[in-house]
Structure formats: structure tokens, C-alpha cells
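K.L.:
Please find one structure pasted underneath; my questions will follow.
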Amino acid sequence: MDNHGFIKVAASVPFCRIGDVRHNITEIISLITKAHKDNANIIVFPELSVTGYSCGDLFFSKTLQLAALRGLEEILSSTKDFDIVSIVGLPIYDGVRLYNCATVLHKGEILGIVPKTHIPTQSEYNQSRWFCSGNNKSGNNIEICSTQVPFNSNIVFDCKQVKFSIEICEDIFANVPLSAIHAQNGAEIIFNLASITSDVAGFDNIRTAVKHISFASSCGYVFVSAGVGESSADTLFSGLCCAAENGAILMEKNEYSFESNIFYTEIDLQQIESNRKKQIAFNNVIISNQPYHIVKTDLQIKNTNILSRKIKQFPFVPENPDIKNAQMKRIYEAVSFALAKRLRHCGINVPVLGVSGGLDSTLALLFTVHAADILKFNRSNIIGVTMPGFGTTESSFGNAKQLMELLGVTAREINIIPSCKQHFKDIGHDINDADVTFENAQARERTQILMDIANSENGMVIGTGDLSELALGWSTFAGDAISMYAVNSGIPKTLVRCLVEWIGKNELNPDGEKLTSSILKAPVSPELLPLDENNTIKQKTEDIIGDYALHDFFMYYFIRFGFTPEKIFFLAVNAFEGKYQPKYIKNCLKLFILRFFANQFKRSCMPDGPNIGIVSLSPRTGWLMPSDTHSKLWLEDL
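Everything in the sequence shown is counted per our numbering, starting at 165 for the first residue and increasing by one.
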């Protein structure tokens, strides 16, 4: 198994002794050795980690400067056989000025040196007393350890499979951060060597900046700050480490420790590549006219079987309760207002929809009721139609009737069994043959009823199908796939559940919450096949096509990032370890691919509906694909 586009990086905080270069070098070498054994590809240390950040006027000491260079040579010698890139901080004198620098090392060689650009002058960060800005250097190369090496802030280190650049501490807070220019010149990961004092506001500011930069520049960002080994005369350093990718925090540690620490995560280079291809703002930015230096080396990215970073099982659903609550509220309002806008535009105040007592129709009805409240027309204008058929259970039928009564909408009941029997007789279909014709005839009969009621009442048919069903083609062409406005078409099944639960708890009375809870417990089913001998559901959707948790996971990574099926399988195995066996995951993924390609024709004529997330299958603005595309290439990838 290959690395699947992941590169393992290490953020390391050695327990330093101020001015004790020998001790610090020993710690650094030990941590590089550990990272190498743990299959990390790049390790980064804090700002001025060789000498310690708090040396003060001792930075002027030739003794300290020479000791730092000897220490650098020792690191080179001790790690020359390691295929790992190490980034360490130390003071460097170029014969004219003293600079706060990051040195990039690989296999016993110095690849380049990056001087700090923005030198702070305030409070405890008065570095301008000792160091000059990299903007003031006199050349683009420097002789160090008897070798001429690149010496510049504008360097992209090209390791064949990954490109990265460096900024140092305050560079992150510049109004035009170096990281943005680095990214525009090809850097996929930015490493920041820092020394930040321990205060809550500082941590929050760093976290916000790291998230923002990684999002705006579609990159990975790894930040590492000095630890408690630094001076505590006036401040304390906590060893803050933080890593983000495309706006998502992957790893954050803010631990006080008298021990050296190392923290790992993996950066997904393929996700970065995918974002950059699609992000218009990133691609249209005018790159700075500053000349950039490309430094190449041959780093072999190690294979990755198990990830240290967490892969979310439910990528459409926020894990943080506060964020989740706020998002449910926004979606509830957005979809309801979208429907209200369409009704208002058409001059219609009679929404018509089928109410089965299942999840999707429940959510659609809840949106419709809120839209009616927004437009201030009576809820009784809403016509909810329950249409029991051959597979309808007492439970779902009862839930549908209770829901309509609780919400105050006009309820109609039309049994479709007589009309379907007549239809089967007309077309010569054996009623005992419960095949696809048997199923689809019921779905089309229900759609016909809704359309005709809408015509007779000057109403609008509200579609109930969700995004997951669109992806899988789990709908009937010219049946439930058709409506006049599809409110759930941008909402995946895993999010449908969350919304129904949230609305039940936050927008309904206790009886409504109890009813939605009952609906949530029922198995997902179209209820098109006859019940078994115990009058229970025989047709359970997830028993047929696999769990929606998996299909939503597949859809997210397939549509959002264009990942290969092999990589999606790898991610799913990591995300659902202990819940699903790899064989089951692979079978579900194959089915997803087959159904996704085979059912594009249904999506090509799907009705209008609001998109509320980053994945859309609308043939107009979301997903453009010919209906006769072959799936062979994607299936072979598995």
C-alpha cells in the first residue's frame, strides 16, 4: 500500500537549556532519530531551538554563534543516513549582520537557510535588538559549514512528492503573510518555527491564523513554538503545536512539560491539490514579482497504512456540539427561506407533498411548515397526502397522520392499492411478481396523485428525495425523482437525521420531539414491497445498498475532492475501524460507484432545489457529467 497522498510530519518541542548548545543538540538529534523511526518525513523544531530563544544579549557572543554552527554540523553528521527533512532554528552571522534563521537539513546536507523577515520590537519580543530582517541581507547565498547554500526568505523546497516553504513566528501575522506568496509559488505545506509566550489570547490568535492561512492558501500549515525550557523571568512558553489543512485543525497541543515532546499528523497533499484546482480565488491571484528559488532534493515519502490524524465518519456533520447546533439552525432557515422564495415568486400558497412517515418526507414537511410561517399564510394551506400501498406499515402510516395533525396541515389519505391493481391489470403485470415494475408503479402513482392535486389546487409539489438518494439513484424515474421544488436535494441522509432531531428538539413541542424521535428510530425503507408474515418491513434500504454512513462518506470524498476509489477505501477503513470490516466497505464502495455512474440520467433532469453545502449534484451548478459515462476505470482502481 502506498502513501495515498499523505505525508507524515512531526512538530517537536525539545526541552532546551538556554545557551547550553550541547544539551540542545543532543535533544534535537534524539528527536530526529525518533521521528525517523516513526516514519515521519519532515520534522520541524521551534525558533532558535539550537541555542534557546531567551539568550538575550548573549546572541552577540561569538562563543554562542560558533557553538551553534558546531551543533549544526553535529546534527548533519548524526542524521546523514536518515531520509527525513529536519528544520531547526539558530542564529546565523553572515559577516555583516546577525539573522534569526531556519535551516533545512536532509541526509547530511544543508538544503537552504531561511532568515526571519518580520522582526518584532514590542514587549518581550524585542528581537530587533539582536537580529536583522531577511529583507536586509546582501545576497542570496551564504557559506556555512564550508558549503555555499541558498540564503533567502523566498525559497520553495521541492522534494519531488511535496513542496514546502518556511516562515518564522511573527511572519504569520503580516498583513500579506509570506505563506500566501509561498503558496502561490507552489508550496503545499508551510512550516512556522516560533516562540510564543503562554497566554490564552495568543493561543487563540495562533489557532485562528493557522486555520485561516491553510484555508485561504489551500495548504497545510504546521506551527511549533518553544516550550517551558525557555526563560521564565517575565514570561512562560508552553510549547504550542498546531497543524491545519485547508482550514481544518488536524493537531493541536498546548502542554507544559519538562520533557521533550514530539507530535505527529499527516497532511493530505491530494486534498490540497484538489482544492487548488477548484479554487478560483487562489488561481486568479497575481503572484508577487519577487524571484523565487527552488531547492530540490529527493525525499522518499514513506508508505502510510495507519493514520495518526482522525478521519471523521460523518464528514457532513460537525463534531463540535455548538458548531453543529448553529449549522442545523442555519440550514433550517436557509432551506425554508429558499422554498418561501420559490412559492412567493410563483404566487403559490398551496404546497403539496407526500407524507410517508419516513425521515425525508418528515424533514420536507418541517421545511414547508416553516416556509408557510415565513410567508405568513395558514398552515392549513399545506396539503399533506399519505398514500398507503402494499408495503406501508402501521407505524409509518400512524407517524405520518400524527405529524400532519401536530403541525396543523391539511391531511389527505389516498390508498393507492386499488389504482395500482387496475394498472397492473391494464399492462398485464402479475400482481404476485414483486419486481421493479411492481415497485416503480407505486412511486409513479403517488407522483401522479400529487401532481394532479397540485394542478387542481393551484399548488406546488414539494420533493422529498435527499442528496444521498440522488447519488445512488435510489428513486424512481418519473416518480419520486420528479417534483416542482426539491427541498432535500442538497442534504445527505446523515445530515437529514441530524436536522430532524434538531428541529424536533428546538422547534417543536414535547409531543413533536417525541414523534420525531419515533421516526428517527424506524429503519429507512421505501416500503414498496409487501410486508412479511409478521406485517413488518421486508425492504430495508441499508440491507440492500449498505449503510448510508458509508455512502455519504464515499460521496463526500468522490465529489468534493475527486479522490480515487482506492484512496476512498483507505480513508473509510481508517475512519470506520472497528465498525465495518474492510470487505464490507469495499463491497459498498463498488456498489456506490456502479450506481453513481448508472443513475446520472436521473440527476440530469432533477428539479430545482437549494444547495446548502460543499457537495451538490445539481446538473446546473453542482455536478456536470454525461449520462452515458462508463464506470469501468473507477471500478478497476479497486
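No residue lacks a Cβ here, since even glycine has one placed at the ideal position from N, Cα and C.
Predicted model only: the values in this text are computed from it and were never measured.
In chain order, which beta strand (DSSP E) runs of at least 3 residues are fully inside the stretch 578 to 661?
P.N.:
You should have 624 to 627.
K.L.:
Mapping the DSSP letters down to three states, classify Met719 as helix, strand or coil.
P.N.:
Against the sequence shown, residue 719 aligns to sequence position 555. Of the three classes helix, strand and coil, the one that applies to Met719 here is helix, per DSSP.
K.L.:
My assumption, with CB atoms under 8 Å, is that Val519 sits in contact with Gly623. Please give the rounded CB distance.
P.N.:
Here residue 519 is taken as the residue at index 355 of the sequence shown, counted from 1. Here residue 623 is taken as the residue at index 459 of the sequence shown, counted from 1. Wrong, their Cβ atoms sit about 14 Å apart, outside the cutoff.
K.L.:
Among the candidates Gln443, Ser559, Thr190, whose CA atom is the shortest distance from the CA of Gln701?
P.N.:
Counted from its first residue, the sequence shown places residue 701 at position 537. Reading off the sequence, residue 701 comes out as Ile, not Gln. Of the candidates Gln443, Ser559, Thr190, the one whose C-alpha sits nearest the C-alpha of Ile701 is Ser559.
K.L.:
Nearest to Arg261 by CA position, among Ala231, Cys662, Phe224, Glu237, is which residue?
P.N.:
If you number the sequence shown from 1, residue 261 lands on position 97. Closest option to Arg261, Cα to Cα, is Phe224.
K.L.:
Which residue's Cα is closest to the Cα of Asn304: Val252, Asp616, Asn318?
P.N.:
If you number the sequence shown from 1, residue 304 lands on position 140. It is Asn318.
K.L.:
Tell me which residues share the same chain as Arg371 and place their Cβ nearer than 8 Å to its Cβ, disregarding the 5 neighbours each side in the sequence.
P.N.:
Taking the first residue of the sequence shown as 1, we reach residue 371 at position 207. Within the same chain, Arg371 has close Cβ partners Cys406, Ile413, Glu416.
K.L.:
Using the Cα positions of Ala380 and Phe446, report the straight-line distance between them to the nearest angstrom.
P.N.:
Working through the sequence shown from its first residue, we reach residue 380 at position 216. Working through the sequence shown from its first residue, we reach residue 446 at position 282. Distance between the alpha carbons of Ala380 and Phe446: 8 Å.
K.L.:
For a minimum of 4 consecutive residues, which ranges assigned as the alpha helix (DSSP H) are wholly contained in the stretch 409 to 464?
P.N.:
Runs found: 433 to 442, 444 to 448.
K.L.:
With a threshold of 7 Å on Cβ separation, who are the neighbours of Gly777 within its own chain once the five nearest residues in sequence on each side are excluded?
P.N.:
The count along the sequence shown starts at 1 and reaches residue 777 at position 613. These residues qualify, in order along the chain: Phe480, Gly654.
K.L.:
Nearest to Ile431 by alpha carbon, out of Gln745, Lys731, Gly169?
P.N.:
Counting from 1 along the sequence shown, the entry for residue 431 is found at position 267. Nearest of Gln745, Lys731, Gly169 to Ile431, Cα basis: Gly169.
K.L.:
Residues in its own chain within less than 6 Å of Arg440 by CB, not counting five upstream and five downstream?
P.N.:
Residue mapping note: residue 440 aligns to position 276 of the sequence shown, counting from 1. Closer than 6 Å at the Cβ level, and outside the excluded window around Arg440, lie Ser382, Phe446.
K.L.:
Are at least three pairs of beta-carbons, each pair with one atom in the stretch 671 to 679 and one in the stretch 583 to 598, less than 8 Å apart?
P.N.:
These segments do not touch.
K.L.:
Counting Cβ pairs closer than 8 Å, one from the stretch 651 to 670 and one from the stretch 525 to 535, do we hit at least three?
P.N.:
Taking 8 Å as the limit for Cβ pairs, the verdict is that the stretch 525 to 535 does touch the stretch 651 to 670.
K.L.:
Need the endpoints of the alpha helix (DSSP H) that Cys752 sits in, please.
P.N.:
Numbered from its first residue, the sequence shown carries residue 752 at position 588. Start and end: 746 to 762.
K.L.:
In its own chain, which residues sit with a C-beta less than 7 Å from the C-beta of Lys244, not counting the 5 before and 5 after it?
P.N.:
The residue given as residue 244 occupies position 80 in the sequence shown. Once the five neighbours on either side are set aside, the close Cβ partners of Lys244 are Lys271, Gly272.
K.L.:
Which of helix, strand or coil does DSSP assign to Lys375?
P.N.:
If you number the sequence shown from 1, residue 375 lands on position 211. It is helical.
K.L.:
How many whole angstroms separate the CB atoms of Ile709 and Trp638, which I take to be in contact at a CB cut-off of 8 Å?
P.N.:
Residue mapping note: residue 709 aligns to position 545 of the sequence shown, counting from 1. Residue mapping note: residue 638 aligns to position 474 of the sequence shown, counting from 1. Ile709 to Trp638, Cβ: 7 Å. Contact.
K.L.:
Just the Cα atoms here: how many angstroms apart are Pro783 and Asn205?
P.N.:
Numbered from its first residue, the sequence shown carries residue 783 at position 619. Numbered from its first residue, the sequence shown carries residue 205 at position 41. When rounded, the distance between both Cα atoms is 41 Å.
K.L.:
So, does the stretch 230 to 242 touch the stretch 416 to 429, judging by three or more C-beta pairs under 8 Å?
P.N.:
In short, these stretches do not touch, since the Cβ pair count stays below three.
K.L.:
Leaving out five residues on either side along the sequence, give the residues of the same chain with a beta carbon under 6 Å from the beta carbon of Cys323.
P.N.:
Sequence index remark: in the sequence shown, residue 323 carries index 159 (1-based). Excluding positions up to five away in sequence, the list reads Thr461, Leu463.
K.L.:
Going by DSSP, what residue range makes up the beta strand (DSSP E) through Pro279?
P.N.:
In the sequence shown, residue 279 corresponds to position 115, counting from 1. 273 to 279 is the extent of the beta strand (DSSP E) around Pro279.
K.L.:
Which whole-angstrom value describes the C-beta separation of Met551 and Trp666, a residue pair presumed to lie in contact below a C-beta threshold of 8 Å?
P.N.:
Taking the sequence shown and counting its residues from 1, the one referred to as residue 551 is at position 387. Taking the sequence shown and counting its residues from 1, the one referred to as residue 666 is at position 502. About 28 Å separates the two Cβ atoms, so there is no contact after all.
K.L.:
Look at the alpha carbon of Glu633 and the alpha carbon of Gly786, and state the distance between them as a whole number of angstroms.
P.N.:
Your numbering for residue 633 matches position 469 in the sequence shown. Your numbering for residue 786 matches position 622 in the sequence shown. Their Cα atoms are separated by approximately 16 Å.
K.L.:
Compute the beta-carbon to beta-carbon distance between Ile547 and Glu621, rounded to the nearest angstrom, for a pair I have assumed lies under 8 Å.
P.N.:
Mapped onto the sequence shown, residue 547 falls at position 383. Mapped onto the sequence shown, residue 621 falls at position 457. Sure, about 7 Å apart at Cβ, within 8 Å.
K.L.:
Secondary structure at Arg724, three-state DSSP: helix, strand or coil?
P.N.:
For this step, residue 724 is matched to residue 560 along the sequence shown. Note: Arg724 maps to helix in three-state DSSP.
K.L.:
May I ask you to list the residues that DSSP assigns as paired with Asp322?
P.N.:
Translated into positions along the sequence shown, residue 322 becomes position 158. Looking at the DSSP assignment, Asp322 forms a beta bridge with Lys327, Lys460.
K.L.:
Is His282 helix, strand or coil by DSSP?
P.N.:
To locate residue 282, count along the sequence shown from 1; it is residue 118. If DSSP states are grouped into helix, strand and coil, His282 belongs with coil.
K.L.:
Helix or strand or just coil, what does DSSP make of Val688?
P.N.:
In the sequence shown, counting from the first residue as 1, residue 688 sits at position 524. Coil at Val688, not helix or strand.
K.L.:
Going by C-alpha distance, which of Phe478, Ala535, Pro582, Ile171 is nearest Ala114?
P.N.:
Nothing in the structure corresponds to residue 114, since the chain is present only between 165 and 802.
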